[in-house]
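Asks: Heads up: the sequence shown runs through residues 296 to 654, numbered per my numbering.
Glycine included, C-beta positions come from ideal geometry on N, C-alpha and C.
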Amino acid sequence: MAKASAYIGLMSGTSMDGVDGVILDERQKIITSAYTPYPIELKTRLQQLSQTGNTSLADLAQVDIEVAQIFAQTANQLLTQSSLNKDDIRAIGSHGQTIYHQGSKYSMQIGHGALIAEQTGITTVADFRMQDIATGGQGAPLTPAYHQYMLNGKEGVIINLGGIANITIVKNNEVFGFDTGPANTLLDNWVKKNKGINYDRDGLWSRSGVVDSVLLDSILADDYFQQKYPKSTGPEYFNLDWLSQHLTSAETPEDVQRTLTELTVMSISASIPKGEDVYLCGGGVHNLFLCERLTYQNPESEISVTDDLGVPVDYVEAAAFAYFAKQTMNGEPSNLPLVTGAKGRRILGAIYQIDKNIL
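1) Return helix, strand or coil for N349, following the three-state DSSP convention.
2) May I ask you to report which of helix, strand or coil DSSP gives L305?
3) Do A440 and V470 count as a contact pair if the criterion is CB distance below 9 Å?
4) I'd like to check one pair, G498 with A478: are the Cβ atoms closer than 9 Å?
5) Return the CA-CA distance between I394 and S307, expressed in angstroms with no decimal places.
6) Spell out whether any CB of chain B is found under 9 Å from the CB atom of F619.
7) Thinking C-alpha only, which one of A301, S310 and G304 is nearest L482?
8) Under three-state DSSP, which class holds T393?
9) Helix, strand or coil for M296? Go by DSSP, reduced to three states.
10) Residues in its own chain within less than 6 Å of M296 by CB, not counting five upstream and five downstream?
11) Compare the Cα-Cα distances from V505 to each of M561, D427, A412 and R553 and report the closest residue.
12) Report the rounded CA-to-CA distance for L665 versus E612, giving the unit in angstroms.
13) Excluding the five sequence neighbours on either side, which residues of its own chain have a C-beta within less than 7 Å of the C-beta of G570, listed in chain order?
14) Check whether the Cβ atoms of E321 and S351 lie closer than 9 Å to each other.
15) Among P334, I649 and G313, whose alpha-carbon lies nearest the alpha-carbon of D609?
16) In the DSSP assignment, the alpha helix (DSSP H) including N467 goes from what residue to what residue?
17) Under a Cβ-count criterion, where at least 16 other Cβ atoms within 10 Å of its own Cβ denotes burial, should I335 be classed as buried or exposed?
18) Quick check on DSSP: helix, strand or coil for T430?
19) Looking at F423: is its Cβ nearer than 9 Å to the Cβ of L643?
20) Given 8 Å as the limit, is there contact between the stretch 632-646 and the stretch 423-438, that is, 3 or more CB pairs closer than that?
21) Taking T480 as part of the beta strand (DSSP E), name the residues at either end of that continuous run.
22) Find out if the Cβ-Cβ distance for the pair D237, K651 is shorter than 9 Å.
23) In this structure, what does DSSP give as the bridge partners for D474?
24) For Y647, collect the residues of the same chain with a Cβ closer than 6 Å to its Cβ; drop the 5 residues on either side in sequence, then sort them by chain order.
25) Measuring CB atoms only, is the stretch 483-503 touching the stretch 359-372, in the sense that at least three cross pairs come out at less than 8 Å?
26) Between K381 and I326, what straight-line distance do the alpha-carbon atoms span, to the nearest angstrom?
27) How many angstroms separate the CA atom of T475 from the CA atom of Y591?
28) So I454 and L575 are supposed to be a Cβ contact under 8 Å. How far apart are they, rounded?
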């Protein structure tokens with residue numbers, strides 16, 4: 296039997312919409328991809344858990360199981376779509392679902408790897424962030440190491456427009472990266488609160504408003520935007536409770552949405568080196584108005600999407616965790632100390648081994 300050489304990557308980001316999955320071949324090219332949305336009830340529980348922390352240990356354990364089952368379901372769907380079977384896959388790299396992240400103190404992901412391994416019959420690597428945090432790092436962002444791999448020796452900038460935006464800068468043989476601040480998390484939550492829809496399609500509602508300069512200045516004065524990297528954040532910080540601290544009764548809802556778009560644009564643009572090629576990925580790429588504003592604010596940069604680097608915008612992070620699984624199984628480190636603040640490079644993740652000879 297040929298040696299297993301493909302890897303599955305599974306990811307659910309801070310938007311908590313569902314699970315993205317890919318299979319990468321031995322050349323790290325995508326064979327197939329899949330997306331499994333979370334049931335509405337589960338998504339609601341995850342958001343409440345992340346933003347309020349009001350839950351029992353029994354509820355947390357149950358959600359942990361339900362998330363793992365959806366991750367395993369996505370992996371099995373990928374196999375069904377492809378011509379591969381579980382014996383062709385060396386390992387699954389599962390990020391899990393972040394429910395709380397607090398910089399260098401702790402980061403909690405649920406969707407435990409043991410259950411994924413058992414429900415797929417494939418060795419699973421999970422809990423990627425903890426080793427970096429244990430050695431003094433933020434545990435995030437991890438994807439700059441994969442972004443560097445994607446650029447394949449070139450200089451450039453990759454920006455992930457997820458719930459939280461993060462930037463990777465590869466220049467002069469060095470890699471820098473950090474979370475710039477909120478992207479989809481505030482935009483989605485504000486439009487849902489005011490219009491009862493899950494997201495602002497194409498940014499049309501934002502386009503109808505005007506920037507409230509007083510509100511924008513107040514938001515940009517937040518300590519997070521003044522911090523130097525390494526830094527990371529999440530929706531447990533940038534949420535509607537945080538936003539409410541900056542609001543008065545004078546703003547219209549559409550002007551707030553427009554201002555939140557500008558917040559994302561300004562916080563990202565402040566970190567883009569002039570003239571560097573920029574590649575966008577993540578769900579925010581589908582917000583046409585947001586991308587227009589990024590292009591307008593960075594006229595000296597050529598802005599395109601990661602499809603031009605061979606990885607579709609919606610699957611960059613899933614592909615990253617397939618890549619990280621490969622690194623771990625080969626005994627290679629995946630973190631970048633300059634990005635996370637860790638004391639050194641480390642092999643990341645816990646391996647939940649499946650011995651296919653005794654299944």
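Replies: So, from the data block:
1) coil
2) strand
3) yes
4) no
5) C-alpha separation (whole angstroms): 11 Å.
6) The structure shown contains no chain B, having only a single protein chain.
7) Selected option, being the one with the closest Cα: S310.
8) strand
9) Confidence is the limiting factor: at M296 the pLDDT is only 39, short of 50, which leaves the residue's position unreliable and the question unanswerable from this model.
10) Caution applies to M296, whose pLDDT of 39 falls short of 50 and renders its modelled position unreliable; the model cannot decide the point.
11) R553
12) Within the shown structure, residues of the chain are numbered from 296 to 654, placing residue 665 beyond reach of any answer.
13) Cβ contact annotation for G570 (same chain, cutoff 7 Å, sequence separation greater than five): E595 and S596, in chain order.
14) no
15) When each option's Cα is compared against that of D609, the closest is G313.
16) Element bounds for N467: n/a, residue is neither H nor E.
17) Exposed, since its Cβ has fewer than 16 Cβ neighbours within 10 Å.
18) coil
19) yes
20) yes
21) Where T480 is concerned, there is no enclosing beta strand (DSSP E), although the alpha helix (DSSP H) it sits in stretches over N479 to K490.
22) This structure cannot speak to residue 237, because the chain is shown only from 296 to 654.
23) N461
24) G408, A409, A412 and T419
25) Touching, no, given that fewer than three Cβ pairs across the two stretches are closer than 8 Å.
26) 14 Å
27) Approximately 18 Å between the Cα atoms of the pair.
28) 5 Å
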